[in-house]
Amino acid sequence: MAPVVSRGGGRGMGAKERKEAAQREKDAGDEAYDEELYKRAAAHYAAAADLDPGDISCLIKRATANFSMNKVSSLPIPHTIPRRKPLRFTSPRAAGAFQCKECVTDCDEALRRRRRRRRRRRDARCGCDEKLAADALFIKALALLNLAVCAADHEPAITALEGSLELRPGSKETRAKLDMAKRNRDAFAEQERLDQEAAKTHRDKGLELLRKKKYKEAEMQFTEAIKRNPRYPKLCLQLLLFNFGIHLFMTNMITQNFSDRARCLIELNSLPKALEDANRCIELDDTLGMGYLRKGLVQIAMAKYEDAIATLVDGLKHDPQNINIHNGLRECAARIKKAKDSDAIAKDLTKVKTLSSQVEQLRSANERNAS
Numbered sequence: 140m141a142p143v144v145s146r147g148g149g150r151g152m153g154a155k156e157r158k159e160a161a162q163r164e165k166d167a168g169d170e171a172y173d174e175e176l177y178k179r180a181a182a183h184y185a186a187a188a189d190l191d192p193g194d195i196s197c198l199i200k201r202a203t204a205n206f207s208m209n210k211v212s213s214l215p216i217p218h219t220i221p222r223r224k225p226l227r228f229t230s231p232r233a234a235g236a237f238q239c240k241e242c243v244t245d246c247d248e249a250l251r252r253r254r255r256r257r258r259r260r261r262d263a264r265c266g267c268d269e270k271l272a273a274d275a276l277f278i279k280a281l282a283l284l285n286l287a288v289c290a291a292d293h294e295p296a297i298t299a300l301e302g303s304l305e306l307r308p309g310s311k312e313t314r315a316k317l318d319m320a321k322r323n324r325d326a327f328a329e330q331e332r333l334d335q336e337a338a339k340t341h342r343d344k345g346l347e348l349l350r351k352k353k354y355k356e357a358e359m360q361f362t363e364a365i366k367r368n369p370r371y372p373k374l375c376l377q378l379l380l381f382n383f384g385i386h387l388f389m390t391n392m393i394t395q396n397f398s399d400r401a402r403c404l405i406e407l408n409s410l411p412k413a414l415e416d417a418n419r420c421i422e423l424d425d426t427l428g429m430g431y432l433r434k435g436l437v438q439i440a441m442a443k444y445e446d447a448i449a450t451l452v453d454g455l456k457h458d459p460q461n462i463n464i465h466n467g468l469r470e471c472a473a474r475i476k477k478a479k480d481s482d483a484i485a486k487d488l489t490k491v492k493t494l495s496s497q498v499e500q501l502r503s504a505n506e507r508n509a510s
């Protein structure tokens, strides 16, 4: 079933008619939500929000419908959420990131409209208005928790839940969710701390083996160090460590693990895997020269000299004083010259062989004629 009034269809209506049409859309959305037709419900709520921009409950309902498109287990729901059917809560792996992001966007927009309306009208504190804001913050927090993959990702959700609880102090559901979010954040943080300590231990062992030119053993240690890093290291560490002033150091260490493993793989002549690690270095931090250096050296080993020059030049743009990149360019130039000389020698040898063959044929012909 399509929305009761299509978007833009209320332009010719008066204010009262638009509010009535918006209410019909909300009712239709509630019915669709009760039937677990969440996509249809979201469309109705969107139409209602267009018809009556001042009713922020339409946006909150659409956020709830978007969130409920992914369902595993049930949670109690605030009063603005559609009737009877419980809100669904999912793990980050099962949840649809797109719906969760849409949910956060709708809740933020609802809160923005509320602030703007209160400034314009200079409203006093309104109980109904605060309940709507509490609901928006609660649903936003659930969506953010679904998107969380490291300790730092829990902080915005915790802030939203604390704001919701401040507006509605008696909510047991919000209190329970806040306590759970804090426990999860602390568990993530502790695991990340342990993983980082283990990663440093493996890295130190890898560097020692690398100095001893035990490339296979070193490659295994760097692999273990990489496994111990967060799933999305650049994102998580940027959020988690920025306030402590060590973001750059930790990001560099993670990138160096891939760089050093690539170095081992080059020595082991495992060039495709080395190229993957070099690309990963650049992906993690494209402002560091080491990723470009490793990639360029792999391309030189693969005899892809033009690609190697382009890669190393890109590296110099970010790290112009890197002596190893300059050495890589010189090596590439020497390889190109050697390859050209080899081609010339090969062509000369081909000519010599051709002439020798022709001379042999003439000699054989002369011998046959003489006999």
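The opening position of the sequence shown corresponds to residue 140 in this note's numbering, with each subsequent residue numbered one higher. Note that CB positions come from ideal geometry on N, CA and C, so glycine has one too.
> Near Y354, what residues of its chain come up, given a Cβ to Cβ distance below 6 Å and the 5 sequence neighbours on each side ignored?
Replying inline: C403, E406, L407
>> Measuring only the C-alpha atoms, how far is D173 from R257?
In response: In a straight line, the C-alpha of D173 is about 32 Å away from that of R257.
> Which stretch, first to last residue, makes up the alpha helix (DSSP H) that contains K434?
Replying inline: 428–440
> Thinking just about the alpha-carbon of each residue, which of E159, E156, L276 is nearest to the one in K200?
Replying inline: L276
> Using the rule of at least 16 other Cβ atoms within 10 Å of the residue's Cβ for burial, across every protein chain shown, is R367 buried or exposed?
Replying inline: buried
>> Let me confirm a value: P452 is counted as buried when at least 16 other C-beta atoms fall within 10 Å, else exposed. Which label applies?
In response: For the record, residue 452 in the displayed sequence is Val; it is not Pro. Result: exposed.
>> Excluding the 5 residues flanking R232 on each side, which residues of the same chain have their C-beta closer than 8 Å to its C-beta?
In response: Low per-residue confidence applies at R232: pLDDT is 43, beneath 50, and the placement is therefore not dependable enough to give any value.
> I think A249 touches L284, with their Cβ atoms under 8 Å apart; what is that distance to the nearest whole Å?
Replying inline: That belief does not hold up - the Cβ atoms of A249 and L284 are roughly 18 Å apart, past 8 Å.
> Given a threshold of 16 other Cβ atoms within 10 Å of its Cβ, counted over all protein chains shown, does K224 qualify as buried or as exposed?
Replying inline: Its pLDDT being 45, under 50, K224 is placed unreliably in this model, and the coordinates cannot settle the point.
> Ordered along the chain, which non-local residues of its own chain (more than five positions away) have a Cβ less than 6 Å from that of F381?
Replying inline: Confidence at F381 is low in this model, with a pLDDT of 38, below 50, so the placement of that residue is unreliable and no value is reported for it.
> Rounded to whole angstroms, how far is the Cβ of I195 from the Cβ of L304, which I believe are closer than 8 Å?
Replying inline: In fact, because the Cβ distance is near 19 Å, the residues do not count as touching under 8 Å.
>> Rounding to the nearest angstrom, what Cα-Cα distance links D191 and K456 in this structure?
In response: 53 Å
> Contact check, V437 vs A472 under 8 Å by CB: the rounded distance?
Replying inline: Not really, about 17 Å apart at Cβ, beyond 8 Å.
> DSSP three-state call for L380: helix, strand or coil?
Replying inline: Here the model assigns L380 a pLDDT of 40, short of 50, so the residue's position is not dependable and the matter cannot be decided.
> From the beta carbon of A413, is the nearest beta carbon of chain C less than 9 Å away?
Replying inline: This model lacks chain C altogether; it includes just one protein chain.
> Helix, strand or coil: how does DSSP classify C289 here?
Replying inline: For C289, the three-state secondary structure derived from DSSP is coil.
> Going along the chain, which unbroken runs of the alpha helix (DSSP H) with 4 or more residues stay wholly within the region 172–216?
Replying inline: 177–190, 196–207
> If you draw a straight line from the alpha carbon of H386 to that of N396, how long is it in whole angstroms?
Replying inline: Caution applies to H386, whose pLDDT of 40 falls short of 50 and renders its modelled position unreliable; the model cannot decide the point.
>> Please state whether the Cβ-Cβ distance between R342 and S398 is less than 9 Å.
In response: no
> DSSP state of K443, grouped into three classes?
Replying inline: Reduced to three states, the DSSP call for K443 is coil.
>> I need the straight-line Cα distance from A181 to M152, nearest angstrom please.
In response: 23 Å
> Hey, L299 and K279: beta-carbon distance below 9 Å or not?
Replying inline: Position check: residue 299 holds Ala in this sequence, whereas Leu was assumed. Result yes, Cβ atoms of A299 and K279 sit closer than 9 Å.
>> Here's the rule: buried if 16 or more other CB atoms are within 10 angstroms of the residue's CB, otherwise exposed. What is G345?
In response: buried
>> Whole angstroms are fine: how far does the CA of E358 sit from the CA of T340?
In response: 14 Å
> With a CB to CB cut of under 6 Å and the five nearest residues on each side skipped, what residues in its chain are close to P295?
Replying inline: L283
>> Taking its Cβ as the centre, do 16 or more other Cβ atoms sit within 10 Å of T450, making it buried, or is it exposed?
In response: Buried, because 16 or more other Cβ atoms sit within 10 Å of the Cβ of T450.
>> Check this for me: beta carbons of A478 and A442, under 9 Å apart or not?
In response: yes
> What are the start and end residues of the alpha helix (DSSP H) that includes D416?
Replying inline: 410–423
> Just reading off the alpha helix (DSSP H) that N323 is part of, what are its end residues?
Replying inline: 311–350
> Three-state secondary structure (DSSP) at G467?
Replying inline: Helix at G467.
>> By the three-class DSSP mapping on this structure, what secondary structure does Q460 have?
In response: Reduced to three states, the DSSP call for Q460 is coil.
> Assuming C246 and A187 make a contact with CB atoms under 8 Å, what is their CB distance in whole Å?
Replying inline: Between C246 and A187 the beta-carbon gap is near 16 Å, outside 8 Å, which marks them as no contact.
> DSSP three-state call for R367: helix, strand or coil?
Replying inline: Of the three classes helix, strand and coil, the one that applies to R367 here is coil, per DSSP.
>> My output table needs one value for M152: the three-state DSSP class, helix, strand or coil.
In response: coil
> Does the Cβ of Y371 have 16 or more other Cβ atoms within 10 Å, making it buried, or fewer, making it exposed?
Replying inline: Annotation note: pLDDT 42 at Y371 (below 50); position unreliable, coordinate value reported separately. Result: exposed.
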